[in-house]
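Undergrad: Sending over a structure as structure tokens; questions will come in a sec.
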Amino acid sequence: MKTKNIILLVLLSYAGLTHAQTSPDDCWGYVNTLQDEWLRKICTVGLDTVYIVGENGLIARSTDRGETWDKQYIGTAHLNDVKFIDPRTGFAVGEGGAILKTADAGETWTQQTSGTTENI
């Protein structure tokens, strides 16, 4: 019983220290730029760049930690996931076998052949 109480005390102390050391600049805030969008996946690249994919072919990119967003609609397929293999090259996948690729950090996206009509 004493061991459980000590562990609980340590965890509560750590949680208090962690919370006290968090500044407002370390927290996420509400951004209404993506209001009324159905979002499905988020991917961060480096410290400042964030990509989000969603319904109706939405790809949204922020290069300022989510303060502002550039939105593109690529096709009509709902996109389910986005992943970058380096700061410039990324892929978005979605319904109906949709695969999109960027080689310029999300400025443009090109359709790739998947060979399937299944959702990816």
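Every position in the sequence shown, counted from 1, becomes a number in our numbering once 11 is added.
Ideal Cβ positions, reconstructed from N, Cα and C, are used throughout, including at glycine.
Remember, it's a predicted structure, so these values are computed and weren't measured experimentally.
#1: Ignore the nearest five residues each way along the sequence and tell me which others in K82's own chain have a CB closer than 7 Å to its CB.
#2: For L74, collect the residues of the same chain with a Cβ closer than 7 Å to its Cβ; drop the 5 residues on either side in sequence, then sort them by chain order.
#3: Give me, in chain order, the residues of the same chain whose beta-carbon lies closer than 8 Å to that of G108; leave out the 5 immediate sequence neighbours on both sides.
#4: Would you report the Cα separation of Y84 and Q46, rounded to the nearest angstrom?
#5: Shortest alpha-carbon distance to L50 belongs to which of V64, Q122, A116?
#6: Are F95 and G101 close, meaning C-beta to C-beta below 9 Å?
#7: Any C-beta of chain B sitting closer than 9 Å to the C-beta of D75?
#8: Do you know offhand how far T89's Cα is from E106's?
TA: Reading it off the structure:
#1: The sequence position of residue 82 within the sequence shown is 71, counting from 1. Within the same chain, K82 has close Cβ partners L69, A71.
#2: Position 63 of the sequence shown, counted from the first residue, corresponds to residue 74. Looking at the sequence itself, residue 74 is Thr, so the reference to Leu does not match. Excluding residues within five positions, the ones whose Cβ falls inside 7 Å are D59, T60.
#3: Locating residue 108 in the sequence shown gives position 97, where the first residue counts as 1. Excluding sequence neighbours, G108 sits near S125, G126, T127, T128, E129, N130, I131.
#4: Within the sequence shown, numbered from 1, the residue matching residue 84 stands at position 73. Within the sequence shown, numbered from 1, the residue matching residue 46 stands at position 35. Each residue's alpha carbon lies about 15 Å from the other.
#5: The residue you call residue 50 lines up with position 39 of the sequence shown. Nearest C-alpha to L50: V64.
#6: Indexing the sequence shown from 1 puts residue 95 at position 84. Indexing the sequence shown from 1 puts residue 101 at position 90. Going by C-beta atoms, F95 is nearer than 9 Å to G101.
#7: Annotation note: the requested chain B is absent from the structure, which comprises a single protein chain.
#8: Reading the sequence shown from its first residue, position 78 is the one you call residue 89. Reading the sequence shown from its first residue, position 95 is the one you call residue 106. It is His, not Thr, that sits at residue 89 in the sequence shown. The straight-line gap from Cα to Cα measures roughly 6 Å.
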